[in-house]
RNA sequence: GGCCCCAUCGUCUAGUUAGGCCUAGGACACUGGAUUUUCAUUCCAGUAACGGGGGUUCAAAUCCCCCUGGGGUCACCA
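Residue numbers (the working numbering): 240 to 765.
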């Protein structure tokens, strides 16, 4: 039998990173077994703007390179792939269940049901459906239907049974039906509810493996029972652990973003993200983007490979030592057997480590393209840059290769793209390395004269000049380099100093040094 | 609270199905050192875990029981 897996997102306007991991495992399992991966959109609730709500989800799949064999945009033989358009299927299944007596129309007022439930809770007794409507005769039921009495359809739980599954991750799990409430499977108007619609759809779509997050485990007995009543072959189940928040054990959730912002484990990621996002004109506080969403990583300049690698290693391992895995490697080795049972916290440090690894293996062309893209978005480089600009960016990227872990890091090297006037100095560092040290400004002035007259303004030549200068003065390199770097780049850290000077060019360097000297002196006077 | 799930370094994990090769391996993070005339990179080294208690056995991280702890879920949401 062909393996068929599915991912069934509700169109929420964003793709959750944990959901993406579930989707990845589904995709991997289908592809590994030469089967099909299906995207079904669970939009039972009337969606306001489907494009807006579904677009970001499909974008996330495309970005990561996960294709789907059936679903939105591509169609397929088991469609429609929007749950809202499958109503006739649900209706037919509902009729079947009612006719066979597996489900019943419940006319009990909701308030009554609720108060019974509350009473049971108060008395610490298990609540079970009253089933008063089950005793109604056919004539009574049709009378009530004709009178348009409000009702819901409930599935009749066989209370004398136990349901069990042999979960591909969790092993044998069993439930006592005698403890289960008859679940509502459809509203009075016949519109289906999740547990029911899912069973109908999974059956009709011939899904062989339901791979989903652990929080769905408690829905499983109901769905199994509905599958049975509908005469479906039961799919295999695999309940994978959910993705937890960094440093915690709780499910990673969009609602807790503000909490995450303050969490030490998340700090560095947020800081990086805030810098890149605000530089590219996105307000990070607006919450339209956060590390809970896949799009966040794309905007900050992560690589699909880095994100994919991180996701795959969250709850799964190939063996006792393999860490860096491409999608291809994952594809060749993925197995449900090696999925871990315990929930796993997303670790931003490890994410960054995988990311750096894959960034390091990226071709020069792709790296350049990614960096240019961010620079353009940040307005540091004009759209459709000319060859000179491309060459400059390329040179910067190569010069600072180790520093560009995500494309957004290139924004931290704005000194190469800023003019003398617009270059910003880190005030604190400027004080510390230029203003405060005794002779810093004097040394800088002398050095400036030397740099102004070297034959070639190359890294090597400059290196030699500075070398001779400090020997002659009897000082250490550390007494001139920091001030020089700060004057020219505005920062205390950066790529190799001399190649940086060369890249900036003599004229620009001298202007910046002059500006720095001027600024430092005016500060000293005050 | 009911039901269900889970439990190895700070974190992600290997080892648990077939008990001995485990004085518990790897990775990230952290600390120290080397290289780098700055920062970063790179390299080397180090710190660091089987939640507790009972069994079974010649032998238990691995099997059984209990406890503790953590988590998920309990809608006419999906």
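By construction, the Cβ of each residue, glycine as well, lies at the ideal position given by its N, Cα and C atoms.
Since the model is a prediction, treat every value here as computed from it, not as a measurement.
Asked: Identify which residue in 360, 405, 619, 484 has its Cα closest to the Cα of residue 576.; Found: 405
Asked: With distances taken from CA atoms, which of 696, 695, 679 is nearest residue 714?; Found: 679
Asked: Can you check whether the CB of residue 737 is closer than 7 Å to the CB of residue 698?; Found: yes
Asked: Flag this pair as yes or no: are the beta carbons of residue 244 and residue 471 separated by less than 7 Å?; Found: no
Asked: Could you tell me which residues DSSP puts in a beta bridge with residue 246?; Found: 278
Asked: Does the beta-carbon distance from residue 482 to residue 318 come in below 7 Å?; Found: no
Asked: Using only CA atoms, which one of 710, 372, 752 lies nearest to residue 391?; Found: 372
Asked: Following a CB-centred definition, is residue 394 positioned closer than 6 Å to any heavy atom of the ligand COA?; Found: For the ligand COA, the structure offers nothing, since it holds no ligand at all.
Asked: So, helix, strand or coil for residue 769, using DSSP?; Found: Examination of residue 769 is not possible in this model, given that the chain is present from 240 through 765 alone.
Asked: Quick one: what's got a C-beta closer than 6 Å to residue 579's C-beta in the same chain, skipping five residues either side?; Found: 554
Asked: Express the C-alpha separation of residue 327 and residue 609 in angstroms, rounding to a whole number.; Found: 47 Å
Asked: With DSSP run on the structure shown, which of helix, strand or coil describes residue 365?; Found: coil
Asked: Can you name the start and end residues of the beta strand (DSSP E) that residue 403 belongs to?; Found: 401 to 406
Asked: Considering only residues of the same chain and omitting the five flanking positions on each side of residue 246, which have a CB-CB separation below 7 Å?; Found: 261, 262, 265, 278
Asked: May I ask you to report which of helix, strand or coil DSSP gives residue 591?; Found: helix
Asked: Could you tell me the boundaries of the beta strand (DSSP E) in which residue 673 lies?; Found: Unbroken run through residue 673: none, as it is neither H nor E.
Asked: Counting only runs of 3+ residues fully inside the stretch 285 to 345, write out the beta strand (DSSP E) ranges in chain order.; Found: 342 to 345
Asked: With DSSP run on the structure shown, which of helix, strand or coil describes residue 509?; Found: helix
Asked: For the alpha helix (DSSP H) holding residue 626, just list the boundary residues, first then last.; Found: 626 to 638
Asked: Please list, in chain order, all residues of the same chain as residue 767 whose beta carbon is under 8 Å from its beta carbon, the five residues on each side excluded.; Found: Summary: the structure shown does not reach residue 767, with the chain confined to residues 240 through 765, and so no result is reported for it.
Asked: Residue 533 and residue 254 - do their beta-carbons sit closer together than 7 Å?; Found: yes
Asked: Hey, which unbroken runs of the beta strand (DSSP E) at 3 residues or more fall wholly within the stretch 405 to 481?; Found: 410 to 415, 423 to 425, 448 to 452, 475 to 479
Asked: For residue 705, report the span of its beta strand (DSSP E) as first-last.; Found: From DSSP, residue 705 is part of no beta strand (DSSP E) but of the alpha helix (DSSP H) over 698 to 712.
Asked: Quick check on the DSSP output: the alpha helix (DSSP H) that includes residue 393 runs from which residue to which?; Found: That residue, residue 393, is in no alpha helix (DSSP H); its beta strand (DSSP E) goes 391 to 394.
Asked: Decide if residue 275 is buried, meaning its Cβ has at least 16 other Cβ atoms within 10 Å, or exposed.; Found: buried
Asked: From which residue to which residue does the alpha helix (DSSP H) around residue 538 run?; Found: 533 to 539
Asked: Rank 615, 573, 565 by C-alpha distance to the C-alpha of residue 600 and give the top, closest one.; Found: 565
Asked: In this structure, how does DSSP classify residue 645 when only helix, strand and coil are distinguished?; Found: coil
Asked: Exposed or buried, residue 329, counting other C-beta atoms within 10 Å across all chains shown (16 or more means buried)?; Found: buried
Asked: Which residues does DSSP list as the beta-bridge partners of residue 255?; Found: 532
Asked: Output the distance between the C-alpha atoms of residue 473 and residue 488, rounded to the nearest integer angstrom.; Found: 32 Å
Asked: Helix or strand or just coil, what does DSSP make of residue 386?; Found: coil
Asked: Quick one: give me the first and last residue of the alpha helix (DSSP H) that residue 567 is part of.; Found: 566 to 572
Asked: Assuming residue 674 contacts residue 762 under a Cβ cut-off of 8 Å, what Cβ separation, rounded to an integer in Å, is found between them?; Found: 5 Å
Asked: Restricting to Cα atoms, I'd like to know which of 443, 463, 450, 444 is closest to residue 198.; Found: Here the chain comprises residues numbered 240 to 765, so residue 198 is not present and cannot be evaluated.
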